[in-house]
Amino acid sequence: MTKTNAGRFFEDYSIGEVITHAVPRTIKMGERALYHALYPARHALYSSDQFAQGCGLPFSPLDDLVTFHTVFGKTVPDVSLNAVANLGYAEGRWITPLWPGDTITATSEVIGVKENSNGKSGVVWVRTTGRNQHGETLISYVRWVMVRKRGDGPAPVPVIPDLASAVTVDDLVIPKGLDFTRYDFTLAGEPHRLGDYAIGEIIDHVDGVTIEEAEHMLATRLWQNTAKVHFDATNRADGKRLIYGGHVISLARALSFNGLANAQMIVALNGGAHANPCFAGDTVRAWSEVLDKAETPAPGVGAIRLRLVATKGRAGPLRGEDGKYHPDVLLDLDYWALMPV
Amino acid sequence: MTKTNAGRFFEDYSIGEVITHAVPRTIKMGERALYHALYPARHALYSSDQFAQGCGLPFSPLDDLVTFHTVFGKTVPDVSLNAVANLGYAEGRWITPLWPGDTITATSEVIGVKENSNGKSGVVWVRTTGRNQHGETLISYVRWVMVRKRGDGPAPVPVIPDLASAVTVDDLVIPKGLDFTRYDFTLAGEPHRLGDYAIGEIIDHVDGVTIEEAEHMLATRLWQNTAKVHFDATNRADGKRLIYGGHVISLARALSFNGLANAQMIVALNGGAHANPCFAGDTVRAWSEVLDKAETPAPGVGAIRLRLVATKGRAGPLRGEDGKYHPDVLLDLDYWALMPV
Amino acid sequence: MTKTNAGRFFEDYSIGEVITHAVPRTIKMGERALYHALYPARHALYSSDQFAQGCGLPFSPLDDLVTFHTVFGKTVPDVSLNAVANLGYAEGRWITPLWPGDTITATSEVIGVKENSNGKSGVVWVRTTGRNQHGETLISYVRWVMVRKRGDGPAPVPVIPDLASAVTVDDLVIPKGLDFTRYDFTLAGEPHRLGDYAIGEIIDHVDGVTIEEAEHMLATRLWQNTAKVHFDATNRADGKRLIYGGHVISLARALSFNGLANAQMIVALNGGAHANPCFAGDTVRAWSEVLDKAETPAPGVGAIRLRLVATKGRAGPLRGEDGKYHPDVLLDLDYWALMPV
Chain A
912 MTKTNAGRFF EDYSIGEVIT HAVPRTIKMG ERALYHALYP ARHALYSSDQ FAQGCGLPFS
972 PLDDLVTFHT VFGKTVPDVS LNAVANLGYA EGRWITPLWP GDTITATSEV IGVKENSNGK
1032 SGVVWVRTTG RNQHGETLIS YVRWVMVRKR GDGPAPVPVI PDLASAVTVD DLVIPKGLDF
1092 TRYDFTLAGE PHRLGDYAIG EIIDHVDGVT IEEAEHMLAT RLWQNTAKVH FDATNRADGK
1152 RLIYGGHVIS LARALSFNGL ANAQMIVALN GGAHANPCFA GDTVRAWSEV LDKAETPAPG
1212 VGAIRLRLVA TKGRAGPLRG EDGKYHPDVL LDLDYWALMP V
Chain B
912 MTKTNAGRFF EDYSIGEVIT HAVPRTIKMG ERALYHALYP ARHALYSSDQ FAQGCGLPFS
972 PLDDLVTFHT VFGKTVPDVS LNAVANLGYA EGRWITPLWP GDTITATSEV IGVKENSNGK
1032 SGVVWVRTTG RNQHGETLIS YVRWVMVRKR GDGPAPVPVI PDLASAVTVD DLVIPKGLDF
1092 TRYDFTLAGE PHRLGDYAIG EIIDHVDGVT IEEAEHMLAT RLWQNTAKVH FDATNRADGK
1152 RLIYGGHVIS LARALSFNGL ANAQMIVALN GGAHANPCFA GDTVRAWSEV LDKAETPAPG
1212 VGAIRLRLVA TKGRAGPLRG EDGKYHPDVL LDLDYWALMP V
Chain C
912 MTKTNAGRFF EDYSIGEVIT HAVPRTIKMG ERALYHALYP ARHALYSSDQ FAQGCGLPFS
972 PLDDLVTFHT VFGKTVPDVS LNAVANLGYA EGRWITPLWP GDTITATSEV IGVKENSNGK
1032 SGVVWVRTTG RNQHGETLIS YVRWVMVRKR GDGPAPVPVI PDLASAVTVD DLVIPKGLDF
1092 TRYDFTLAGE PHRLGDYAIG EIIDHVDGVT IEEAEHMLAT RLWQNTAKVH FDATNRADGK
1152 RLIYGGHVIS LARALSFNGL ANAQMIVALN GGAHANPCFA GDTVRAWSEV LDKAETPAPG
1212 VGAIRLRLVA TKGRAGPLRG EDGKYHPDVL LDLDYWALMP V
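Written out as structure tokens, the structure reads:
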């Protein structure tokens, strides 16, 4: 009897199954210090207890992507171990902030399966939910991956979930108590409020960061993400370690401070594509496009829908003439953040 | 008068002397976050306060090897500065868990000396004890090293301590309150209990990690281990920095989660050899052999004795025909861990 | 309207203006753990709560340079973004220790401007003050930088501040309660007290550390210092990332433990020069010269004025025959520290 986890294959997913992911994780301020050492994160709500209190919160929560990465990491042994590709995200919502001392657990429900025509792999859709120690939902999102088949068995009845193209404004959950009416723009770093942004506006975040192997491995390990390709230089024929896509998300989000310092809290993930692989030595830059704007019921709090694009070269076209992502594009993310009106 | 510490030479050790090591160290959750970023550590008892509470502990302790490394680091200026080789460990026991906020101090008693026949060096045995701020023993272990002689003086009367080949089951200290009767195997990550392991069974931990210079230096510094060879690329003729052997221990132990997720708490170190040096760029893998199993008086708690082997290549023979370790073997460690029966 | 911060040019500084720097920052024990992983920091007062209590403090403060780096980092977007060179420091004083949980904010008052004769740049002097959440001053120091002009406008009336060549002993602020009368030299790591050091004495700190890209970037990011040159390998023609000068300060200060283990608290920065740039791969060493000694009103507490020099080669002359720093000299820092008498 083998004791090690060989991972699930396409045949091992059945519609409606709820997978409980292993290894709950208590997150405290040490993880925050590391997050701020790994990414140039400067959004003031996540940097200062006093700033957060000025926004109606008890103190500063962990960066929202810490919740995402930790939950994602827990799903890897059950969802991604035999995955060929991470295909997409949808209907992601942050429901409760992550406070220092919280313990995260995660489950995933299988909501879609579709065998590929080659008979050798298939697509699996899961809705993953992260919860704190009180059983409250921290985050919920749909992810779909392409997974290898173990054998030559018959294809299951295909089930393709009907996913929203974006989270609607009414479905955004505003953290309890959030109030931007006394927001301090000077301490936040930029004067721009929601009204200063126009739909369609492009913001070049200017700065670039050249990634080192040690950094992306420290980050990926911190989320207890164990996918071989990120750590083992002998795993690929080219001797390269593939950088966890979430590392690029956090890096691009942090870079977006320069121009979007007031896009404080991430509340929804509408979609996202890891357009091209990222490797150590790449210099990552980012730009954002304002996709939508909205008001919310919370005092002084607006919502801004942003496309966040990370590239490894200078700014250029997002897609080539063939409609495919330009080879320099690493990430194309669509999310909602909260900003003072 | 020189102000810097030149380290002790073989002549400076006399049987019975107790050396108080410098720089006490308070350890909190920041060190835990770093430990989990540096190693793929996932044992649930050390990841989640709630999981630890389900096992009868007040909350999650620091990983047991944090205690070992911190104590070891304190001994370096007094024991290893002029050491030629780290020869072995014995009779290591973890007596009290390390809780966040504890302050570690360490002392070492010289229990053996034996000059080498070349007259230029000798072997020194010390029994090192780490204590918390309450004076409770955290850990105790014997280590022996080969140390240079300063001069040509006469050899001391040799004293070779009589060391146990392994800590007996009766000598294992079970942390107060530990109870595995309601152990959650799903959250722990694997279903295997003590009864599922057979003596002689080999478990390949599958995953590999390629080590970077920045990582092993961050780790080694965190333990305030100041040995030059780990940090100064000009120290060796080949321009390489030797990786602290403890870094390989922690890496291999963390990799062993895959197949030994329920070998939760390390309670004894029976012996260990750093078989070959490890350098940045090496891809480390690990396998374990079950050496022994035992029951303990604590409810639901068994003990498993494991050989943990780290290699830098694919799995192969532990030793060559000459009886020496295969050049790819980095570590051969013998320890006891606690596991649900 | 561009949303990103293009930084200030020489014309944007007017005498008397007080700039409020953005992004307040709460610092806890996670930052301390990272500091101790990034630098071989071992001064006992900053390592152990119990040791600090033995010196009359409530518990262990953050390393003094954490205050300096965090405040410095906040000034970068407003002071250094278009700076050509960091020219000097003066009148630096640590007024209140930084305790875990404190939130740092920073302001800078423009106290000097002088256009260069080329008409293309000028020198700006600012007095920067870091404060905690209670409004108490943590640190205050003067820094001057050379900044590019935006245009061809007329030169302002030059104002050159009259700066002290060193902070006087009477101006040193001793942390409340500090008492070295029961100082434990054994646990601190060295027996040398103030009386054991002679003015003019040189202490070679022996150890060297070879710097990695990942390390200096983690450190610099931790202080939320966003200067491009530290992170973006495409920024300079030679493809090198310039290491933040403060990284060298912290590294040299940590290395100085070996010979100056009892120079515990930094209380003043008299001056400093980043003599030559530092890059990854450099092996940094340090030596100190005792410049002055003094008594203080606090029980058992003396002050020692030290020149701390960091080099990237073996020890050699500080300056060449032309009076310029030797190319191997990285740092020449002049500071006061507190030491048991």
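Residue numbers (the working numbering), protein chains in the order written: chain A, 912 to 1252; chain B, 912 to 1252; chain C, 912 to 1252.
Every residue gets a Cβ at the ideal spot worked out from N, C-alpha and C, and that includes glycine.
The Cβ neighbour count for residue 1068 of chain B, taken over all protein chains shown within 10 Å, is under 16; the residue is labelled exposed.
Residue 1221 of chain B is a Cβ neighbour of residue 1166 of chain B, given a cutoff of 9 Å. Residue 1037 of chain B places its beta carbon less than 9 Å from that of residue 1022 of chain B. Among the residues of chain C, those whose CB is under 9 Å from the CB of residue 959 of chain A are 934, 935, 936, 937, 1014, 1015, 1016, 1044, following chain order.
For residue 941 of chain B, the chain C residues whose Cβ falls inside 8 Å of its Cβ are 939, 940, 941, 942, 943, 944, 945, in order along the chain.
Residue 1094 of chain C has no beta-bridge partner at all, per DSSP. A check of alpha carbon separations from residue 1053 of chain A across A:1189, A:1087, A:1078 identifies A:1078 as the nearest.
With 16 or more neighbouring CB atoms inside 10 Å of its own CB, residue 1160 of chain B falls in the buried class.
Listed by position along chain B, the residues whose Cβ is nearer than 9 Å to that of residue 1135 of chain A are 947, 951, 952, 953, 958.
Within the region 1132-1164 of chain C, those residues whose Cβ lies closer than 8 Å to any Cβ of chain A are, in chain order, 1132, 1133, 1135, 1137, 1139, 1142, 1143, 1144, 1145, 1146, 1152. Interface flag for residue 1009 of chain C against chain A is unset, since no Cβ pair is found closer than 9 Å. Between the C-alpha atoms of residue 1242 of chain C and residue 1133 of chain A there is a straight-line separation of about 34 Å. Taken through DSSP and simplified to helix, strand or coil, residue 1169 of chain A comes out as helix.
In the DSSP secondary-structure assignment, residue 1242 of chain B is bridged to B:1221.
According to the DSSP assignment, residue 1063 of chain A belongs to no beta strand (DSSP E), since it is labelled neither H nor E. Residue 988 of chain B belongs to the set of residues whose beta carbon lies under 9 Å from a beta carbon in chain C. The C-beta separation of residue 1116 of chain A from residue 1145 of chain C comes to about 15 Å, leaving the pair out of contact by the 8 Å criterion. Going by C-alpha positions, residue 1026 of chain C is about 24 Å away from residue 932 of chain C. Between the alpha carbons of residue 1151 of chain B and residue 1087 of chain B lies a distance of about 44 Å. Assigned with DSSP and collapsed to three states, residue 954 of chain B falls in coil, not helix or strand. The continuous stretches of beta strand (DSSP E) do not include residue 986 of chain B, which lies in the alpha helix (DSSP H) extending over residues 975-986. The straight-line gap separating the alpha-carbon atoms of residue 1030 of chain A and residue 1006 of chain B is approximately 56 Å. A check of alpha carbon separations from residue 1179 of chain A across A:955, A:1246, A:913, A:954 identifies A:1246 as the nearest. Annotation: Cβ neighbours of residue 931 of chain A in chain B (cutoff 9 Å, chain order): 1097, 1098.
Residue 1204 of chain A is bridged by DSSP to A:1215. Residue pairing by DSSP places residue 1033 of chain C opposite C:1026, C:1058 in a beta bridge. Within the same chain, and ignoring the five residues on either side of residue 1100 of chain B in sequence, the residues whose Cβ sits closer than 6 Å to its Cβ are 1172. Residue 1158 of chain B is not bridged by DSSP to any residue. Taking every protein chain shown into account, the CB of residue 980 of chain A has 16 or more other CB atoms within 10 angstroms, so this residue is buried. No Cβ of chain C is located within less than 9 Å of the beta carbon of residue 1049 of chain B. DSSP places residue 946 of chain C outside any beta strand (DSSP E); the residue lies instead in the alpha helix (DSSP H), whose first and last residues are 940-949. Across the set B:1085, B:1250, B:1034, B:1045, the C-alpha of B:1034 shows the shortest separation from the C-alpha of residue 1057 of chain B. Here the region 922-929 of chain A makes no contact with the region 1107-1116 of chain A; the two share fewer than three CB pairs at distances below 8 Å.
Listed along the chain, the chain B residues whose CB falls inside 8 Å of the CB of residue 915 of chain A are 1114, 1115, 1116, 1117, 1169, 1170.
A Cβ-Cβ contact shorter than 9 Å links residue 1212 of chain A with residue 1090 of chain A. Taking a contact to require three or more Cβ pairs closer than 8 Å, the region 962-978 of chain B and the region 987-1002 of chain C do not qualify as touching.
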